[in-house]
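Protein sequences, first through last, are from chains Y and C.
When we follow the numbering used here, the leftmost residue of the first sequence carries the number 9, and every step to the right adds one.
When we follow the numbering used here, the leftmost residue of the second sequence carries the number 14, and every step to the right adds one.
Even for Gly, the Cβ is constructed at its ideal location relative to N, Cα and C.
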Amino acid sequence: MDKIKIRQICFLFAVMMPVTKMLVYPTTLTYYVKNDLLISAFCNLLIEGVIVGLIMLLAKKTDKSFFSLIEDRFGNLTARIVYAVCALFFFASALLPLAEQKLFVMQVFYENVPSIISFAPFFFVCFFACTKGFKSIGRAADLCLPVFAVSFTVILLLSLPHADFSALLPITAVSPLTIGKGSLFSVNWFTDCFFLLFFLGNFKYEKNASKKVILSFAAGAFFILIFLAVFYGVFADIAIRQQNAIAQLPKYTTAFTSLGRLDYLFLFALTLVMIFYLCVPIQLCVHCICKTFKNCRPTLPSLAVNAAMLGLVILLNRSFNELQTFLTSQAWFVFLIFAYLLPVLALLLPKKILPKYKNKKEKLYE
Amino acid sequence: MKKLSEICKENVKIIKKILSSEDILVFSFTMKDGTECAAVYADGITDKMLLGEQVARPLSSESRPKNAEEAAKLLQSPENKRETEPENIVSEILSGNTALFIDGIGEALIIGMKKISMRAIMEPPTSVAVKGPREGFIEDVKTNVSLIRNRLRTEKLQVKTFKVGKQSATTVCVVFVDGIANPDTAKEICDKIESINIDSIPDSSYIGKFLAKNPYSLFKQVGTTEKPDILCAKILEGRIAVFTDGSPIALTLPYLLTEDFQGPQDYFVSPYRATLSRLFRFFAVCVSVLLPAFYVAAQLFKLQLLPFGFLLTISGSIQDIPLSPSLELFFLLLMLEILIEASIRMPRYVALALSVIGALVLGDTAVKAGIVSSTAIIIMALSGISAYTVPDLVGTVSILRLSFLVVAGSIGTYGIPLLCALLLYYLISSDAYGSPMLAPFSPIVKRDMRDALLKAPMTDLTTRPEVFRPKNKTRLKPSTERKEADNG
Chain Y
9 MDKIKIRQIC FLFAVMMPVT KMLVYPTTLT YYVKNDLLIS AFCNLLIEGV IVGLIMLLAK
69 KTDKSFFSLI EDRFGNLTAR IVYAVCALFF FASALLPLAE QKLFVMQVFY ENVPSIISFA
129 PFFFVCFFAC TKGFKSIGRA ADLCLPVFAV SFTVILLLSL PHADFSALLP ITAVSPLTIG
189 KGSLFSVNWF TDCFFLLFFL GNFKYEKNAS KKVILSFAAG AFFILIFLAV FYGVFADIAI
249 RQQNAIAQLP KYTTAFTSLG RLDYLFLFAL TLVMIFYLCV PIQLCVHCIC KTFKNCRPTL
309 PSLAVNAAML GLVILLNRSF NELQTFLTSQ AWFVFLIFAY LLPVLALLLP KKILPKYKNK
369 KEKLYE
Chain C
14 MKKLSEICKE NVKIIKKILS SEDILVFSFT MKDGTECAAV YADGITDKML LGEQVARPLS
74 SESRPKNAEE AAKLLQSPEN KRETEPENIV SEILSGNTAL FIDGIGEALI IGMKKISMRA
134 IMEPPTSVAV KGPREGFIED VKTNVSLIRN RLRTEKLQVK TFKVGKQSAT TVCVVFVDGI
194 ANPDTAKEIC DKIESINIDS IPDSSYIGKF LAKNPYSLFK QVGTTEKPDI LCAKILEGRI
254 AVFTDGSPIA LTLPYLLTED FQGPQDYFVS PYRATLSRLF RFFAVCVSVL LPAFYVAAQL
314 FKLQLLPFGF LLTISGSIQD IPLSPSLELF FLLLMLEILI EASIRMPRYV ALALSVIGAL
374 VLGDTAVKAG IVSSTAIIIM ALSGISAYTV PDLVGTVSIL RLSFLVVAGS IGTYGIPLLC
434 ALLLYYLISS DAYGSPMLAP FSPIVKRDMR DALLKAPMTD LTTRPEVFRP KNKTRLKPST
494 ERKEADNG
């Protein structure tokens, strides 16, 4: 209990969640829905927001972890099986963001074509993070707040002068069915709410906690929508060709000035946030494995998961498009089941409801 | 071991048998009625003048006392106690005190007559303040504790004394304010010091190593200061101080990384100036660690990082340089480290010669010879100088600088944020004595932010840092006038 604070969960949603939606997601969305990308993204965010709200409702009702809830209802073996399956899901769901970041790193951080080895040390960092548990997730979120606030603001301010928001008009240029298809095929980017389910029992529910988390999620959603609007405003019809959107956005302002690509410094800072956030699903995967194997020490699972992930990234080094196509247009229902259906079903798990949550002032620093 | 008897000479024999060294002297004299007395002391660390005036003179004019208590009353020394165990008597003699034996009394009187030649209290060279007090600690633990006692005249100031070191029996004092410092932390520190089993403690850094939660850490684990005013402020924030006899450096625990960015005079200048100074120090450390790495990464992997004009200048300067950028800078940083090491240890009279060699031969001539570029020299110099804005972190900064350089030269640009992430993960998971090292930034402790990198006015620092979990949280109660002013 009390390994992560409500404040840190809020920061996770408000400042860490948006960064993973700033690389390939805008381009993919533009491919499906063109200038209606805001509506499609809004739909995804709304559904995810509802799920976040539901999980917070569950947190209000019980102070137990997701594992304990399943264990109480169906026994230890079932709980361990569910966690093993969830570990697999986290592993799979981390794959695309990792491949995305690899692509981003290769294209933005290097002028020549670097070897895959340049990206490999990420897994060493991730291994280290995995051995540190939930505490490190929360504390990393605390650090990300100022980094994201400054970097995102600067990048947005550099891009705004070139944005023509009339490119977003007319609204609903494509059919609602296409918008729905766009939302469905980009659902893999909106599984962050699922993390919250595993934080259950690891934070103390305070007064107004639900409100705070939902509002911070709304703030994160706002940043994503603003980013998408500026992105489409700057690139309009050629948006579809602007992979690594965040790196492309400010280039018109800085490339020809005497300062050079000043925005890269802020991109580096955002990359730091990205690294922290990319570690989260892998950390949760390791957490699930540890639970599956009766709370074993995380060192070995961390090593195994990161080694496997590195192997897969090397294997799929040149197959990013195939991987993306498979996960977005064929395996989208898996994301739906885990990220949305499972939290809804989890609502039915608690046997008894807590009489009243305690609003005790926190004394420990996590 | 043989017990003390009532015969003075036998007692002296017992002690001399244990302390056979030639510098353990015996001063024998008789009382008015012919009773024999003997004072055993260690030459050089006992004040012989005091021995004559406070012990020999009053006793020689008196008759034999009935017991040790009466004997103690005859002495003119304010610091004396009785001891019966030979081992304890030996330990007192070795500490500079005198053991007095009187015929007919089966105990020794231990008289405090320690005389240690020590330097005067002066401004410490490692912590110079333009404004503010200029006192500094010295090597004598008693003087150091007295400097604190002089500033904190409260009955709650607690001093716990330990003898550490099997051979050295060094005095180690733990100082804290009861009611402010967290009692669990104080107990843990005392227990750790008590459990130290080592031959000798030559300096406080030895104690620091034992108190460190993670001895393999790249970062400091224990705070240090040489100034009584700073130590008092830290004690009043809820920290615990540790003094070691023979060391002018006091240790403070728990340690936060931010405290190294706080300068000695920050509390004596305007808060704006203090804030600016702290931000500059932080920026300078970042520059020192990251600048060489960015320079190498930009040249090798991402030229766009550099503004076009600057790129042209650099490309001009690196023409015909045989070394790759990373090797060039690595070589220069290595030279810098060697120069620093040499300048610390070399005699002062050759310092000038070394400056000439360092600046002209290694710098100017190396550029002219086309071995290194002038830009690399500038980067190295800037990085080297910047590190000294936070003197306590210089060691860590130089290791980090080299690590970042190696990573940037091998992995490339992406290596820099990766190593930053690894470093931050390491720091956020380092807790010592219940206090996270990166607090108040991670985890965020809002109230403590007022005196971290930013410095709020003194009147706004009403509470002690929460991160130390002090028992008494209030540091300052706002005056009624101020409250009224705030209420408009």
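- A direct Cα-to-Cα measurement between proline 184 of chain Y and alanine 49 of chain Y gives close to 13 Å.
- Legend: CB atoms of the region 147-164 of chain Y lying less than 7 Å from CB atoms of chain C belong to residues Arg147, Ala148, Asp150, Leu151.
- Within its own chain, the residues whose Cβ lies closer than 6 Å to the Cβ of glutamate 341 of chain C, once the five positions on either side in sequence are excluded, are Val385, Ala389, listed in chain order.
- Counting along the chain, the unbroken alpha helix (DSSP H) around serine 104 of chain C starts and ends at 99-107.
- For leucine 395 of chain C, same chain residues with a beta-carbon under 7 Å away, outside a window of 5 residues either side, are Val300, Leu304 in chain order.
- In the structure shown, lysine 127 of chain C falls within a strand segment according to DSSP collapsed to helix, strand and coil.
- Pairing threonine 409 of chain C with phenylalanine 232 of chain C gives a Cβ-Cβ distance under 8 Å.
- Within the same chain, Met44, Lys45, Asp46, Thr48 come within 8 Å of serine 76 of chain C by CB-CB distance, once the 5 residues on both sides are set aside.
- The DSSP-derived three-state label of valine 403 of chain C is coil.
- The CB of phenylalanine 276 of chain Y comes closer than 7 Å to the CB of Ile429, Pro430 in chain C, given here in chain order.
- Along the region 433-465 of chain C, the positions whose C-beta sits under 7 Å from a C-beta of chain Y are Cys433, Ala434, Leu435, Leu437, Tyr438, Ile441, Ser442, Pro449, Ala452, Phe454, Ser455, Pro456, Ile457, Val458, read in chain order.
- Classified as buried, methionine 393 of chain C has 16 or more neighbouring CB atoms from the shown chains inside 10 Å of its CB.
- DSSP places tyrosine 54 of chain C in no alpha helix (DSSP H) but in the uninterrupted beta strand (DSSP E) bounded by 49-55.
- Scanning chain C for C-beta atoms nearer than 7 Å to the C-beta of alanine 255 of chain Y yields nothing, as the closest lies near 11 Å away.
- Alanine 81 of chain C and glycine 117 of chain C have their alpha carbons spaced roughly 9 Å apart.
- Under a criterion of Cβ atoms nearer than 9 Å, the residues of chain Y adjacent to lysine 315 of chain C are, in order, Val116, Phe117, Tyr118, Glu119, Arg269, Tyr272.
- Only Phe314, Lys315, Leu316, Gln317, Leu318, Leu319, Pro320, Phe321, Gly322, Phe323, Leu324 from the region 313-345 of chain C bring a Cβ to less than 8 Å from some Cβ of chain Y.
- Counting of Cβ neighbours within 10 angstroms places methionine 131 of chain C among the exposed residues, the total staying below 16.
- Leucine 168 of chain Y and proline 430 of chain C have their C-alpha atoms roughly 26 Å apart.
- At least one beta carbon of chain C lies nearer than 8 Å to the beta carbon of arginine 15 of chain Y.
- Fewer than three beta-carbon pairs drawn from the region 128-144 of chain C and the region 86-105 of chain C are found closer than 8 Å, and the two stretches are therefore not classed as touching.
- For cysteine 186 of chain C, the enclosing beta strand (DSSP E) stretches over residues 183-190.
- In summary, leucine 122 of chain C is buried, with 16 or more beta-carbon neighbours lying within 10 Å of its beta-carbon over all protein chains present.
- Taking 8 Å as the CB threshold, isoleucine 424 of chain C lines the interface with chain Y.
- No Cβ-Cβ contact shorter than 8 Å links methionine 64 of chain Y with alanine 229 of chain Y.
- If you check the CB distance, leucine 435 of chain C and phenylalanine 112 of chain Y do not come in under 8 Å.
- Contact of alanine 137 of chain Y with chain C is assigned, a C-beta pair being separated by under 8 Å.
- The C-beta distance from leucine 270 of chain Y to alanine 107 of chain Y rounds to 28 Å, too long to meet the 8 Å contact threshold.
- Rounded to the nearest whole angstrom, the CA to CA distance from serine 140 of chain C to phenylalanine 274 of chain C is 13 Å.
- Collapsing the DSSP output to three states places glutamate 119 of chain Y in coil.
- For serine 191 of chain Y, the enclosing alpha helix (DSSP H) begins and ends at 184-193.
- Residue contact check for valine 32 of chain Y against chain C: no CB pair falls below 8 Å.
- Judged by DSSP in its simplified three-state form, lysine 69 of chain Y adopts helix.
- The region 471-488 of chain C makes no contact with the region 213-228 of chain C; the number of CB pairs closer than 8 Å stays below 3.
- Among the residues of chain C, those whose CB is under 7 Å from the CB of proline 122 of chain Y are Gly425, following chain order.
- Residue contact check for threonine 279 of chain Y against chain C: a CB pair falls below 8 Å.
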